[in-house]
Amino acid sequence: MSSVQNIQGNHACALAAVAAGCRFYAGYPITPSSEIAERMSVELPAVNGIFVQMEDEIASMGAIIGASMGGAKTMTATSGPGFSLKQENLGYAAATEVPCVIINVMRGGPSTGMPTRPAQGDVMQARWGTHGDHPIIVLTPWSVQEIYQQTLRAFDLSEALRVPVVVLIDEVIGHLVESVDLAKMNTGNPVERKWADSSQEDFQPYAHTEDLVPPMPRPGDGYRTHTTGLTHAENGFPTQDPEVANRVISRLLQKLEHHNDLVECVNQSDCKDAEIVIVAYGITARAAQSAKQQLQGEGVKVGIFRPITLWPFPQQTFSEAIANARLVLVPEMNAGQLIVEIERYRNDSTRIIGLNRYDGEPISPQQIFNKVKEVLQDA
Amino acid sequence: MLDQAKTPFEIRDYIRQQLFPHFMCPGCGHGIALRALLWAIHDLGIAKDDLAIVSGIGCSGRIGAYIDANTFHTTHGRPLAFATGLKLARPDLHVIVITGDGDCLAIGGNHLIHACRRNLDITCLMLNNEIYGMTGGQVSPTTSSDRYTTTTPEGNYEPVFDACKLAQGAGAGFVGREMTLQTPSLKKLIQQGIAHPGFSFLEVISDCTEIYGRKNDLGESAEMVLSQKADFRSASYGMIADEVFQPRNVKTGVLYKDDRPEYAQAYRQKIASRAKK
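Residue numbers (the numbering used here), protein chains in the order written: chain A, 2 to 380; chain B, 18 to 294.
#1: With 16 as the cutoff for other CB atoms within 10 Å, does A/Pro315 come out buried or exposed?
#2: Just the C-alpha distance for A/Val1 and A/Ala289, rounded to the nearest angstrom, thanks.
#3: Could you work out which residues of chain B lie near A/Tyr282, taking near to mean beta carbons separated by less than 9 Å?
#4: Counting only Cβ pairs nearer than 8 Å, list the residues of chain A close to B/Asn92.
#5: When you compare each of A/Gly337, A/Asn325, A/Glu299, A/Phe156 to A/Asn357 by their alpha carbons, which one comes out closest?
#6: Mind checking if B/Phe99 is an interface residue toward chain A, Cβ cutoff 8 Å exclusive?
#7: Quick one, are the C-beta atoms of B/Asn127 and A/Pro220 less than 8 Å apart?
#8: Tell me which residues share the same chain as A/Thr131 and place their Cβ nearer than 6 Å to its Cβ, disregarding the 5 neighbours each side in the sequence.
#9: Going by beta carbon distance, what residues of the same chain come within less than 6 Å of A/Thr75, once the five residues before and after it are set aside?
#10: Please confirm if B/Leu122 has its CB atom under 8 Å from at least one CB of chain A.
#11: Counting C-beta neighbours from all protein chains within 10 Å, is the total for B/Arg194 16 or more, i.e. buried, or is it exposed?
#12: Which same chain residues end up closer than 8 Å to B/Arg277 when comparing Cβ atoms and leaving out the 5 residues on each side of it in sequence?
#13: Determine whether the Cβ of B/Phe218 lies closer than 8 Å to any Cβ atom of chain A.
#14: Would you kindly check if the distance between the Cβ of A/Asn325 and the Cβ of A/Asp360 is under 8 Å?
#15: Would you mind telling me which residues of chain A sit closer than 7 Å to B/His111, beta carbon to beta carbon, in chain order?
#16: Does A/Pro446 have its Cβ less than 8 Å from a Cβ in chain B?
#17: Distance check for A/Met62 and A/Thr77, CA to CA, integer angstroms please.
#18: Grouping DSSP H, G and I as helix and E and B as strand, with all else coil, what is B/Arg29?
#19: Give the secondary structure of B/Pro250 by DSSP, where H, G and I count as helix, E and B as strand, and everything else as coil.
#20: Taking CB distances under 8 Å as the criterion, tell me whether B/Gly153 reaches chain A.
#21: From this set, B/Leu105, B/Pro158, B/Arg134, B/Ala100, which residue's C-alpha is nearest B/Ala123's C-alpha?
#22: In whole angstroms, what is the alpha-carbon distance linking A/Phe156 and B/Lys104?
#23: Do B/Lys246 and B/Leu198 have their C-beta atoms within less than 8 Å of each other?
#24: Tell me where the alpha helix (DSSP H) around B/Gln282 begins and ends.
#25: For B/Leu36, I'd like the list of residues in its chain whose CB is within less than 8 Å of its CB, leaving aside the five on either flank, ordered along the chain.
#26: Using only alpha-carbon positions, find the residue among A/Leu263, A/Glu39, A/Val341, A/Val48 that is nearest to A/Ile138.
#27: For chain A, check one thing: does any of its Cβ atoms lie closer than 8 Å to the Cβ of B/Phe37?
Listed below in structure tokens is the structure:
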């Protein structure tokens, strides 16, 4: 039997989670992500996992962190309003370095917005939604196949680096049905968390290890450590000593940069000689891909820079990619969010232009085509 | 059960002395609650390695750190949500939540009622000192009528939450209340609560001498605790002399107990029956 199936993006996400070793899911119903919870409630018990529908989004986030502190690989899924509610505990996971995966199937906002309509309005919230400086990884798949791959990768990154990982899925991809060969994409070799196995005496749960990712103590293994969202020293206990605080927060913030080879994931095509580079993610990148073919057919030198890992933004690779570009076009289904980050890394000779839409409709290839033509005429 | 239960309880065996001096104010009842909890753990023979303490934010949330166990100091009002995940993922651990009247009944109220409803095998110790102490003495859902706080300058005019009635109504399998004044009774209640296979909600009547007591001229710690005697009485005296124990007439001891199915057990049974189909 062929392993190719016609599958919805949200269902592919659930299957990838189980394949990655996720054995605990806590969630709260919210459009347009609910299929993920529904599928997890079927899949998890079959592999001795736990599915629990909690009383609210806050509790769902708390429960997955609690289960992860106990040793399980965990996930929750939500959309805009729920993502807002999860931010407090998400910050706790970042500060205490507890691995967990958060799926946000984005819908129109602000507030309750347009629950069944696509938008990319949570790009900045995914990076800066919780208070204080913190590390976080955000991934943006553009197809059902990539939802599967990036959800697998979300678990691997989260476990390897002890950091919460957010997967931002566009509503239209979450609900898209595509033919995917899941077995082919499952590496079957998920990353396992680095558990503490050294001496229990004087064990430092937040030691400044060479790789900046300290091994995690598992409850029951005899370490009896303290975990707190208060700023904590290497020994896990709260500190207000400026020198210690600076040291431990610095390690936390440097962790991802130190492992940039693992974290960064960019898909770029024809950027090298392009005079126009389109920077796009998710479904918008697919529209850009289509527009690119049309433009190239007319002799326009155009490339696409697609940051699959959106945060941390791949600044170095991006700067190199636009080295020869006169123009950078940033189509987004929001009023202009990633463009703000991109403007930080522009070179003096490059013009940055946005193409924005927040009416609940995706950006069409034609819109991108027209915008490029219009800009070229102006230039 | 470990052999430790056969030896006399020694609090030093269960606390992280390296964190001393502790943060508690003189006269605070939380230390007595902590002692009663550790004493119960000792007598139940629970190994420290298998003990998980999950706490929220506030004075109550801070005492967990002093326990030499797996301790998790979580976010404000959410310890029951964290504990639910931890207990479901790790049924082998004894999960005990330490929370306060603000943490548990105000910001965490929704989590409390649903934790009671699920009846997962967690023990929830709510230290009720009638005040937000850590933030300087603001009114809480259990602040008594007419008491002064930094946010009720004319005296408290809001009705008081009866946490035990709430927990029972929401479905907790075991509900009890005790004063720090009666430490052996408190220890016994906690012991029964932990031993109960289901969600146990235990309200501990603590006292905040430094902030609440001072603001309301309630005297020193001993005076405050002794005055609680006028308000509380054992549930077992219920039949004898109702009128004597005015004005508040609040019952202590085991207030409710049933043997309704524990959540994780019910979950596993459902899954097993699904597998058979």
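Beta carbons are placed, not taken as given, at the ideal position from N, Cα and C, and that holds for glycine.
Since we're looking at a predicted model, the values are computed, not measured.
The relevant details are as follows:
#1: For the purposes of this step, residue 315 of chain A is taken as the residue at position 314 of the first sequence. Classification for A/Pro315: buried.
#2: Past the edges of chain A, shown from 2 to 380, lies residue 1 of chain A, and the structure says nothing about it.
#3: Counting from one through the first sequence, the residue named residue 282 of chain A turns up at place 281. Here the premise fails: no neighbours, minimum Cβ distance about 31 Å.
#4: The residue given as residue 92 of chain B occupies position 75 in the second sequence. It is worth fixing the name first, because residue 92 of chain B is Thr in this sequence and not Asn. Ordered by position in chain A, the residues that pass the 8 Å Cβ test against B/Thr92 are Gly63, Glu89, Asn90, Tyr93, Gly230.
#5: Stepping through the first sequence from its first residue, residue 357 of chain A is reached at position 356. Of the listed residues, the one whose Cα sits closest to A/Asn357 is A/Gly337.
#6: Against the second sequence, residue 99 of chain B aligns to sequence position 82. By this cut-off, B/Phe99 is an interface position.
#7: Locating residue 127 of chain B in the second sequence gives position 110, where the first residue counts as 1. Locating residue 220 of chain A in the first sequence gives position 219, where the first residue counts as 1. No.
#8: The sequence position of residue 131 of chain A within the first sequence is 130, counting from 1. Same-chain partners within the cutoff: Gln88, Leu91, Gly92.
#9: Taking the first sequence and counting its residues from 1, one reaches residue 75 of chain A at position 74. Around A/Thr75: Phe25, Ile65, Ala68, Ser69, Cys101.
#10: Looking up residue 122 of chain B in the second sequence gives position 105. Taking Cβ atoms only, chain A never reaches closer than 8 Å to B/Leu122, which makes this a no.
#11: Within the second sequence, residue 194 of chain B is the residue found at index 177, counting from 1. Under this definition B/Arg194 is a buried residue.
#12: Here residue 277 of chain B refers to the residue found at position 260 of the second sequence. These residues qualify, in order along the chain: Asn136, Gly188, Gly190, Gly215.
#13: In the second sequence, counting from the first residue as 1, residue 218 of chain B sits at position 201. Taking Cβ atoms only, chain A never reaches closer than 8 Å to B/Phe218, which makes this a no.
#14: As a first step, residue 360 of chain A is located in the first sequence; it is residue number 359 there, counting from the start. As a first step, residue 325 of chain A is located in the first sequence; it is residue number 324 there, counting from the start. No.
#15: For the purposes of this step, residue 111 of chain B is identified with residue 94 of the second sequence, where counting begins at 1. Under the 7 Å cutoff, chain A gives no residues; its nearest Cβ is about 11 Å from B/His111.
#16: The displayed coordinates of chain A run from 2 to 380. Any statement about residue 446 of chain A would go beyond what the structure contains.
#17: The residue you call residue 77 of chain A lines up with position 76 of the first sequence. The residue you call residue 62 of chain A lines up with position 61 of the first sequence. When rounded, the distance between both Cα atoms is 7 Å.
#18: Taking the first residue of the second sequence as position 1, residue 29 of chain B is located at position 12. It is helical.
#19: For the purposes of this step, residue 250 of chain B is taken as residue 233 along the second sequence, with counting starting at 1. The sequence shown places Arg at residue 250 of chain B, rather than the Pro named in the question. Strand, per DSSP.
#20: Here residue 153 of chain B refers to the residue found at position 136 when the second sequence is read from its first residue. So, not an interface residue.
#21: Counted from its first residue, the second sequence places residue 123 of chain B at position 106. That would be B/Pro158, whose Cα lies nearest to the Cα of B/Ala123.
#22: Within the first sequence, residue 156 of chain A is the residue found at index 155, counting from 1. Within the second sequence, residue 104 of chain B is the residue found at index 87, counting from 1. Cα to Cα, A/Phe156 sits roughly 22 Å from B/Lys104.
#23: As a position in the second sequence, residue 246 of chain B is number 229, starting the count at 1. As a position in the second sequence, residue 198 of chain B is number 181, starting the count at 1. Cβ atoms of B/Lys246 and B/Leu198: closer than 8 Å.
#24: Sequence index remark: in the second sequence, residue 282 of chain B carries index 265 (1-based). Element bounds for B/Gln282: 280–293.
#25: For the purposes of this step, residue 36 of chain B is taken as residue 19 along the second sequence, with counting starting at 1. Contacts found: Ala82, Tyr83.
#26: By one-based count along the first sequence, residue 138 of chain A stands at place 137. It is A/Leu263 whose Cα lies nearest to the Cα of A/Ile138.
#27: To locate residue 37 of chain B, count along the second sequence from 1; it is residue 20. It does not: the Cβ of B/Phe37 has no partner Cβ on chain A nearer than 8 Å.
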